[in-house]
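Novice: So that we are looking at the same thing, I have put the structure below in structure tokens.
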Amino acid sequence: MTVNFIRMEFFRLTKMKALIVLPIILVVIMFVQTFFLLRFNPEGALVSALGLESVATQLGGSSENYSMFGKGEGYNYTVAQTFESNVHGTLIILMIAIMAALFLGSDYATHNMKNYPIINGRRWVKIVSQMAVLAVFVLAVFILTWIVSFISNMIWARSLRLGLSLKSLRFFVRSYLAAMAFVSTLCLLVTLTKSRAGGMVFGILIAIGILNIPINIFDFLLEHKYHWKDFSLNYLFPARILEKVGMDASGKVVILTTFCAIIYLILTFAGSILLSSKRDLDT
Amino acid sequence: MSEILVETRNLTKAFGKRNAVENVNIKIKKGSIYGLIGKNGAGKTTLMRMMSGMCRPTSGSYEYVGCPGGNAEAYGRIGSLIEIPALMPQLTAYDNLKLKSIAYDCFNDGTVKELLRIVGLGGAGDKIVRRFSLGMKQRLGIAMALVGDPDILYLDEPINGLDPEGIAEIRDMLTKVNREKGTTIIISSHILAELAKVATEFAIIDSGRIVDEFSVDRLESKRKGKLIVKCADALRAKEVLFTSGHTDIELADGNTLYVYEEGDPGPVINMEICKAGILVYSFEYESTDLEQYYLDTVKDSFREA
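Written as structure tokens, this is what we have:
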């Protein structure tokens with residue numbers, strides 16, 4: 001039965017218009033972002049804005065160094081590094097939040113569950129199948145991001161170097177786990193509020209960084225009052241792990257964040273199942 | 284005696300301090316069409332929701348004794364349309380049916396199209412449900428309930444919003460499904476005349492309690508239970524009939540008598556009154572239809588309470 005429900009949820013996902021619209025938006029914005037990352041030169045932009053290109057060139061600089069679009073901050077990046085930058089942006093988490101909230105919430109919006117008395121007493125089947133489908137969706141988003149990073153580097157970077165290493169693979173897996181922990185938290189929120197809007201508002205607020213200010217204040221206090229240098233509250237929130245913890249994070253941080261993502265994933269997943277199993281089928 | 288499919292024992296559902304359904308004990312026979320009758324808020328929908336496994340009883344229980352695997356197996360054999368149809372508005376009618384068919388592992392293009400045809404949506408399969416009229420949504424809701432060829436169908440007001448032609452189509456379809464596949468149907472409707480045409484068993488529910496449970500045969504006999512005799516001297520006719528053994532007689536006025544008797548006593552009574560030299564103007568059976576029966580029963584139950 002679970003396999004049938006997974007197939008059904010896949011079919012439902014493929015019929016969502018958002019599945020086409022959101023990835024298109026994601027790819028377009030990501031290409032623009034990556035272009036700026038690889039080619040936008042802030043110094044050159046300033047020089048250009050002041051109309052000083054010829055002066056700068058006469059003073060010995062290369063014209064390439066003083067043009068607005070030349071060598072950007074990530075001009076020498078590998079594909080893995082470009083991927084890391086793209087994952088750190090708010091875009092991916094925003095897209096995942098919107099899609100997951102729409103997908104999970106439509107059951108409550110349409111009372112669709114009451115068409116399936118077969119899962120009475122086995123509500124976990126629905127949660128498991130939806131999470132399985134979203135796991136594939138999130139993976140697809142990550143792969144798409146990798147492809148965009150690859151193409152961007154092919155066009156705009158100094159050279160096309162993949163930069164594949166154990167470190168980059170670990171980053172991929174850890175970011176994926178953090179994204180799934182975020183989706184699972186969203187699932188719990190949608191189950192709790194029985195509302196698509198509830199999930200979406202939570203997802204968007206987190207994605208646009210509503211936690212940034214309190215976390216930064218707390219981190220500041222930790223660092224200056226208690227002299228905790230290696231710890232950040234960012235490591236305890238899946239969305240912040242996704243946005244903040246990079247490939248070069250220390251071993252301690254990698255372990256802490258991976259562990260944290262897994263704990264979130266397990267607790268929220270179990271919470272959703274527990275909550276839904278306490279409910280009547282058609283609510 | 285037919286095999287019992289589902290049996291409830293003191294089934295009760297409370298919302299806050301109010302009992303929406305209270306101590307309901309009914310037995311539904313396998314292969315029957317069981318009509319639930321009651322006014323708005325009487326507890327029909329709540330009872331159906333409980334029995335179809337959609338909500339938990341506050342107390343009491345129900346058991347699918349006719350299913351070898353009990354309730355767990357029965358849930359997989361239930362099709363339901365309770366309250367509004369639950370449809371994905373952004374999908375086509377075909378895709379809505381396909382979704383449920385995949386989940387029930389019975390997807391087949393031909394079967395889905397056949398279901399659409401059965402409910403009269405043969406030409407609307409590729410239309411987006413959001414653009415459907417109320418009646419079309421109701422038809423699609425019935426088709427959704429029929430996915431997977433269920434053995435038990437719960438239909439709550441299934442003909443709501445349908446045009447007369449649609450009502451007749453759905454009625455014929457339900458009768459056909461019941462007759463050909465032996466599907467047990469539990470159905471509620473406010474249109475009692477329609478319910479009377481399809482159901483074989485009835486239960487009247489009022490304020491959450493079952494006040495009467497009867498078969499179509501009993502309703503039929505009730506129809507012939509009251510004979511209205513109009514004659515020249517009703518008082519003397521009453522005495523004549525009383526001496527000949529008809530005891531349940533009511534004098535309405537000087538020319539009218541009501542005789543309550545099962546079966547078809549008309550010709551005999553007519554003969555006895557005529558033999559006594561009393562002129563009989565007319566005699567007729569009062570037609571007690573389901574609606575009248577329901578109203579009388581609810582009135583009686585109110586008096587008793």
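Chains A and B, in that order, give the protein sequences. Following this note's numbering, the numbering of the first sequence begins with 1 at its first residue and continues without gaps. Following this note's numbering, the numbering of the second sequence begins with 284 at its first residue and continues without gaps. We treat Cβ as the ideally placed atom computed from N, Cα and C, and that holds for glycine.
1) Per DSSP, what are the beta-bridge partners of asparagine 302 of chain B in this structure?
2) Entirely within the stretch 72-141 of chain A and at least 4 residues each: give me those alpha helix (DSSP H) ranges in chain order.
3) Please list the segments of the alpha helix (DSSP H) lying wholly inside the stretch 394-478 of chain B, counting only runs of 4 or more residues, in order along the chain.
4) How many angstroms separate the CA atom of phenylalanine 590 of chain B from the CA atom of arginine 7 of chain A?
5) Here's the rule: buried if 16 or more other CB atoms are within 10 angstroms of the residue's CB, otherwise exposed. What is serine 342 of chain B?
6) Give me, in chain order, the residues of the same chain whose beta-carbon lies closer than 8 Å to that of alanine 517 of chain B; leave out the 5 immediate sequence neighbours on both sides.
7) Between the stretch 157-164 of chain A and the stretch 70-79 of chain A, do three or more beta carbon pairs fall short of 8 Å?
8) Please classify lysine 464 of chain B: is it buried, with 16 or more other beta-carbons within 10 angstroms of its beta-carbon, or exposed?
9) Identify the contact partners of tyrosine 116 of chain A in chain B, using a Cβ-Cβ distance below 8 Å as the criterion.
10) Should aspartate 489 of chain B go down as buried or exposed, given a rule of 16 or more other Cβ atoms within 10 Å for buried?
11) Once DSSP output is grouped into helix, strand and coil, what is the label at valine 307 of chain B?
12) Tell me whether the beta-carbon of leucine 13 of chain A lies closer than 8 Å to the beta-carbon of leucine 22 of chain A.
13) State yes or no: is the beta carbon of serine 168 of chain A nearer than 8 Å to at least one beta carbon in chain B?
14) Buried or exposed: where does lysine 126 of chain A fall if 16 or more other Cβ atoms within 10 Å of its Cβ makes it buried?
15) Count the other CB atoms, across all protein chains shown, that sit within 10 Å of the CB of glutamate 448 of chain B; report buried if there are 16 or more and exposed otherwise.
16) If you check the beta carbons only, do lysine 383 of chain B and methionine 337 of chain B fall under 8 Å apart?
17) Apart from the five residues on each side of it in sequence, which residues of its chain come closer than 8 Å, Cβ to Cβ, to methionine 200 of chain A?
18) If you follow the alpha helix (DSSP H) that lysine 252 of chain A is in, where does it begin and where does it stop?
19) 8 Å is my cut-off, CB to CB: does alanine 369 of chain B come that close to chain A?
20) Does the ligand NAD have even one heavy atom less than 7 Å from the beta-carbon of leucine 540 of chain B?
21) Using DSSP's beta-bridge definition, name the partner residues of arginine 492 of chain B.
22) From which residue to which residue does the beta strand (DSSP E) around tyrosine 345 of chain B run?
23) Are the C-beta of leucine 281 of chain A and some C-beta of chain C separated by less than 8 Å?
24) What do you reckon, are the CB atoms on glutamine 421 of chain B and glycine 444 of chain B nearer than 8 Å?
25) Below 8 Å on the Cβ atoms is my guess for aspartate 432 of chain B versus glutamate 366 of chain B; work out the distance and round it to an integer in Å.
26) Taking all protein chains shown into account, do 16 or more other C-beta atoms lie within 10 angstroms of the C-beta of lysine 114 of chain A, making it buried, or fewer, making it exposed?
27) Applying the criterion that 16 or more other CB atoms from any shown protein chain within 10 Å of the CB defines a buried residue, is phenylalanine 172 of chain A buried or exposed?
Specialist: With the structure as the only source:
1) B/Ala297
2) 79-88, 90-110
3) 417-429, 447-464
4) Chain B is shown only over 284 to 588; residue 590 of chain B falls outside these bounds and no answer can be derived.
5) Residue burial is scored here from C-beta neighbours: serine 342 of chain B has fewer than 16 other C-beta atoms within 10 angstroms and is therefore classed as exposed.
6) Cβ neighbours of alanine 517 of chain B beyond the five flanking positions: Leu534, Ala535, Asp536, Gly537, Asn538, Thr539, Leu540.
7) yes
8) Its Cβ having fewer than 16 others within 10 Å, lysine 464 of chain B is exposed.
9) Lys383, Ala386
10) buried
11) strand
12) no
13) Not closer than 8 Å to any Cβ of chain B, the Cβ of serine 168 of chain A fails to qualify, so no.
14) buried
15) exposed
16) No.
17) Ala97, Ile98, Ala101, Leu102, Gly105
18) 251-278
19) Taking Cβ atoms only, chain A reaches closer than 8 Å to alanine 369 of chain B, which makes this a yes.
20) The ligand NAD is absent from the structure shown, which contains no ligand whatsoever.
21) B/Asp489
22) 342-346 is the span of the beta strand (DSSP E), which, as asked, contains tyrosine 345 of chain B.
23) As a matter of chain content, chain C is missing from the structure shown, whose protein chains are A and B.
24) yes
25) The pair is not a contact, with the Cβ atoms about 23 Å apart (cut-off 8 Å).
26) Burial call: buried.
27) buried
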